[in-house]
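Visitor: Would you mind keeping the following structure in view while I ask a few things?
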Amino acid sequence: MHPLLPLIALSFAANVDNVGVGITYGLGNKQIPYAALLLVAVIGGFASGTADWLSSWLRPVLPGFLLGWMAGFTMLIIGLRSYWAARVRITRYATLLEKEWWFLALGLSLNNLGIGLTGGLLGYAPTFFGLVLGGFSGILLWAGCMLGARVRRIFHPGPWLQYISGSALILLGLYQIITS
């Protein structure tokens, strides 16, 4: 497998919740300012890169198969938490959207923090990892907002995006555990 494919899959899985938040905002006929999108991307990227950097010290100390298992179990735990908490998260994010934008950015970066630990265990460079995850964070929030604005009169997507996020992380975690 190409080394960038897991990074792209992790970036998407960690930030697919942002699409749900953006859709919720777009369905409410509200716009997300570009400064807020940038703030979400910067904080998400910083959280990812910092967690990656902090966990990278484990690489020379632990055997490779154990690092893969730890990364897989981290993804699995985050995925299970995301999957089971999907309905609670929608309520929490709806509340955050009414507050200052930096609260939204902090809330959305929580998955990036956990995935950042995985990135360090898998050996991704912290700066590159943070930039990719931060970029996905802002872009997927913007895409969700645009999508929500377009379909707000047709249907309401519900919590299915949060279930996709959890399922994707569970599958990535299992794949990492099996292949390590």
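Using the working numbering, read the sequence shown as starting at 10 and increasing by one per residue.
Ideal Cβ placement from N, Cα and C applies to all residues, glycine included.
These figures come from a predicted structure and were not determined experimentally.
(1) Quick one: Cα of G73 to Cα of Y34, how far?
(2) Tell me where the alpha helix (DSSP H) around L36 begins and ends.
(3) Beta-carbon separation of S57 and G144 under 8 angstroms?
(4) Using alpha carbons as the reference points, say which of V160, D26, L150 lies closest to L48.
(5) Indicate whether W62 and P135 have their beta-carbon atoms separated by less than 8 angstroms.
(6) Work out the CA separation of G157 and L19 for me, nearest whole Å.
(7) Taking the C-alpha atoms as reference points, what is the distance between I187 and P69?
(8) Going along the chain, which residues of its own chain have a beta-carbon closer than 7 angstroms to the beta-carbon of L50, five neighbours each way excluded?
(9) Using CA coordinates, which residue listed in L119, T127, R159, G128 is at the minimum distance from W24?
(10) What is the DSSP secondary structure of A103, reduced to helix, strand or coil?
(11) Compare the Cα-Cα distances from L46 to each of L36, N27, G125 and report the closest residue.
Guide: Taking the structure as given:
(1) Counted from its first residue, the sequence shown places residue 73 at position 64. Counted from its first residue, the sequence shown places residue 34 at position 25. Each residue's alpha carbon lies about 42 angstroms from the other.
(2) Here residue 36 is taken as the residue at index 27 of the sequence shown, counted from 1. That run of the alpha helix (DSSP H) goes 13 to 36.
(3) Taking the sequence shown and counting its residues from 1, one reaches residue 57 at position 48. Taking the sequence shown and counting its residues from 1, one reaches residue 144 at position 135. In this structure, G144 does not lie closer than 8 angstroms to S57 by Cβ.
(4) Counting from one through the sequence shown, the residue named residue 48 turns up at place 39. Comparing Cα-Cα distances from L48 to each of V160, D26, L150, the minimum goes to L150.
(5) Translated into the one-based positions of the sequence shown, residue 62 becomes position 53. Translated into the one-based positions of the sequence shown, residue 135 becomes position 126. In contact: W62 and P135 (Cβ atoms closer than 8 angstroms).
(6) Locating residue 19 in the sequence shown gives position 10, counting from the first residue. Locating residue 157 in the sequence shown gives position 148, counting from the first residue. Distance between the alpha carbons of L19 and G157 is about 23 angstroms.
(7) Within the sequence shown, numbered from 1, the residue matching residue 187 stands at position 178. Within the sequence shown, numbered from 1, the residue matching residue 69 stands at position 60. Near 22 angstroms, if we compare the C-alpha coordinates of P69 and I187.
(8) Sequence index remark: in the sequence shown, residue 50 carries index 41 (1-based). In the sequence as displayed, the identity of residue 50 is Ala instead of Leu. Apart from the 5 residues on each side of it in sequence, A50 sits with its Cβ closer than 7 angstroms to the Cβ of G143, G144, S146, G147 in its chain, given in chain order.
(9) Taking the sequence shown and counting its residues from 1, the one referred to as residue 24 is at position 15. First, the residue type needs correcting, since residue 24 is Asn and not Trp in the sequence shown. The residue with the shortest Cα to Cα distance from N24 is L119.
(10) On the sequence shown, position 94 is the one that residue 103 refers to. Low confidence applies to A103: its pLDDT is 44, below 50, so where it sits in the model is not reliable, and the reading given next is rough at best. Three-state result, A103: helix.
(11) Here the question's residue 46 lines up with position 37 in the sequence shown. The shortest C-alpha separation from L46 is found at N27.
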